[in-house]
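Below you'll find the structure, written out as structure tokens, and then a few comments.
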Amino acid sequence: MTRRKVIIDTDPGIDDAIAIMALLQAEDVEVLGLTSVAGNKGLDHTTTNAARILTFMGQRAQVYPGADRNLQAIEAEEALLRDDEAGFVHGVSGLGNADLPYDTSLIAQQQAVSFILEQVRRYPGQVDIIALGPLTNLALAVREDPTAMRHVRQIHTMGGGVYRGNRSPVAEFNYWFDPHAVDLVFQELGPYLPIYMIGLDVTHQGIINMNYLTFMQLEGGELGQVIYDMMAVYIHQYWKQDHYLGGVIHDLMAVVGYLYPKIYSDVYHAHVRCVTDSELAYGQTIVDLHQAFMNKANAYVPMDADISQYKYYVMELLFGSTQAKLYQQAKS
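Going by our numbering, the first residue of the sequence shown is number 55, and it counts up by one from there.
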């Protein structure tokens, strides 16, 4: 079996953690390493959280620390210009109520940008990047060596939205956190390689209810209990905000769609820009689905998904086909 080579760029975060756990279970994927970035929490937290996930899953891949603030703050040599405002959603540690130890040897001395470029040069045209947080590390890698980054095989990024936001009425959190990085990555790499923007329009379709989570807890062993413990904080936030018992694991949709792209439908080849020059619309993705007003397409944007199939694949990845089939029987 030929295994796909993957770098996970991430800011764990509850939804990042569950998505990473699922991807680590995929037999046809070789995870080259995780690169951490500030976003859901500060860099120290996201780096150690990535190591916690790897330790819990028994993986020996390493975490390569990346950007501790957004591109604008790095360029200005200033502290983070926009505060970590998603932290409360993910709990104090960033992993909800889960208390996971970590192996310090899994945190590499090598930095994220150096690692990304090293792997892309070593395996030109073979490395996929799954970006589950702000795109700061990718933008810095493009700045350092745009030619090398054009040899990434494909990028799947969870972020943005065509018709909705979650940090503001129009901006999704990951892209709001560093819109300058988003715009740079899409403009510089979109003409050369496939970029899949997995936005809120499709991730919000994959809402996980309490029946699904309870099945994970009852039938998923230690992993199921850890996921349930992490999701407890999410559930509390969704109840306070929407009076809904459950939650959306946004990054999980990006991972499952990467592994099983046929779950997506209504996939548009579109031109995407990210707003950087407006306080009101800061971080908004402007998506020309029909290429009517802007330049050549630079992204693939799915707008719909087969949610029944998605939920089956989630169960299968995390707990195996037997448990996935059992869930199908239990819900019917």
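Yeah, the Cβ is synthetic: ideal placement off N, Cα and C, and Gly gets one too.
Nearest-angstrom Cβ-Cβ length linking residue i and residue j, presumed shorter than 8 Å
{"i": "L194", "j": "V167", "result": "5 Å"}
{"i": "Q271", "j": "G260", "result": "Not confirmed; about 19 Å, so no contact."}
{"i": "A76", "j": "I107", "result": "Actually they do not touch by this definition, with Cβ atoms about 11 Å apart."}
{"i": "V256", "j": "D358", "result": "7 Å"}
{"i": "G13", "j": "T339", "result": "As displayed, the chain neither begins before 55 nor continues past 386, which places residue 13 out of reach and without an answer."}
{"i": "Y381", "j": "F269", "result": "5 Å"}
{"i": "H323", "j": "Y354", "result": "6 Å"}
{"i": "I161", "j": "T89", "result": "Going by Cβ atoms, the distance from I161 to T89 rounds to 12 Å, so no, they are not a contact pair."}
{"i": "V83", "j": "R58", "result": "5 Å"}
Residues that residue i bridges to, as DSSP identifies them
{"i": "I249", "result": "I209"}
{"i": "K59", "result": "E84 and V181"}
{"i": "I262", "result": "G301"}
{"i": "T201", "result": "Its beta-bridge partners do not exist; DSSP assigns none."}
{"i": "T64", "result": "S90"}
{"i": "I161", "result": "V117"}
Where residue i sits in the DSSP three-state scheme
{"i": "Q338", "result": "strand"}
{"i": "S90", "result": "strand"}
{"i": "P356", "result": "strand"}
{"i": "T225", "result": "In the sequence as presented, Thr is not what sits at residue 225; that position holds Ala. Reduced to three states, the DSSP call for A225 is strand."}
{"i": "L372", "result": "helix"}
{"i": "G275", "result": "helix"}
{"i": "L243", "result": "helix"}
{"i": "G383", "result": "Checking the displayed sequence, the identity of residue 383 turns out to be Gln instead of Gly. Correct three-state label for Q383: helix."}
{"i": "D70", "result": "helix"}
{"i": "Q377", "result": "helix"}
{"i": "Y367", "result": "helix"}
{"i": "S362", "result": "helix"}
{"i": "L186", "result": "coil"}
{"i": "P233", "result": "helix"}
{"i": "Q79", "result": "coil"}
{"i": "R175", "result": "helix"}
{"i": "Y282", "result": "helix"}
{"i": "L154", "result": "coil"}
{"i": "A193", "result": "helix"}
{"i": "V216", "result": "coil"}
{"i": "A351", "result": "coil"}
{"i": "S21", "result": "Lying before the first or after the last residue shown, residue 21 is absent from the chain, which here runs from 55 to 386."}
{"i": "L267", "result": "helix"}
Which listed residue (the options) has its alpha carbon closest to that of residue i
{"i": "N352", "options": "D296, F227 and V326", "result": "V326"}
{"i": "S222", "options": "K95, I68, P66 and V329", "result": "V329"}
{"i": "G300", "options": "F269, N265 and G311", "result": "N265"}
{"i": "V310", "options": "F347, Q363, Y292 and V287", "result": "Q363"}
{"i": "V287", "options": "N151, D255, V196 and Y298", "result": "N151"}
{"i": "L78", "options": "N228, L380, L372 and Y381", "result": "L372"}
{"i": "I183", "options": "F110, V60 and T102", "result": "V60"}
{"i": "G244", "options": "I262, V206 and R218", "result": "V206"}
{"i": "Y283", "options": "A127, A92 and D69", "result": "Just to set this straight, residue 283 is Asp in the shown sequence, not Tyr. Ranking A127, A92 and D69 by Cα distance to D283 puts D69 first."}
{"i": "Y367", "options": "F347, Q345, K350 and A308", "result": "A308"}
{"i": "L189", "options": "H304, Q164 and A92", "result": "A92"}
{"i": "M251", "options": "H234, Y298 and V321", "result": "V321"}
{"i": "P66", "options": "W293, A105 and Y229", "result": "A105"}
{"i": "G148", "options": "L306, M285 and D199", "result": "M285"}
{"i": "R176", "options": "L160, A80 and A202", "result": "A202"}
{"i": "A121", "options": "A115, Q165, M111 and T158", "result": "Q165"}
{"i": "E129", "options": "A162, L88, A235 and G274", "result": "A235"}
{"i": "D63", "options": "I74, E131, M55 and S319", "result": "I74"}
{"i": "S50", "options": "M348, M111, T89 and Q116", "result": "In the structure displayed, the chain extends from 55 to 386; residue 50 sits before or after that span and is not available."}
{"i": "M212", "options": "R218, H344 and A185", "result": "A185"}
{"i": "Q180", "options": "P248, Q345, Y318 and K379", "result": "P248"}
(Q) As an exercise, report each continuous alpha helix (DSSP H) stretch of at least 4 residues that is fully enclosed by the region 99 to 139, in chain order. (A) If one requires a minimum length of 4 residues, the alpha helix (DSSP H) runs lying completely within the region 99 to 139 are 125 to 130, in chain order.
Q | Within the region 285 to 348, ranges of the beta strand (DSSP E) (whole runs, at least 3 residues) | A | Runs found: 300 to 302, 318 to 328 and 339 to 342.
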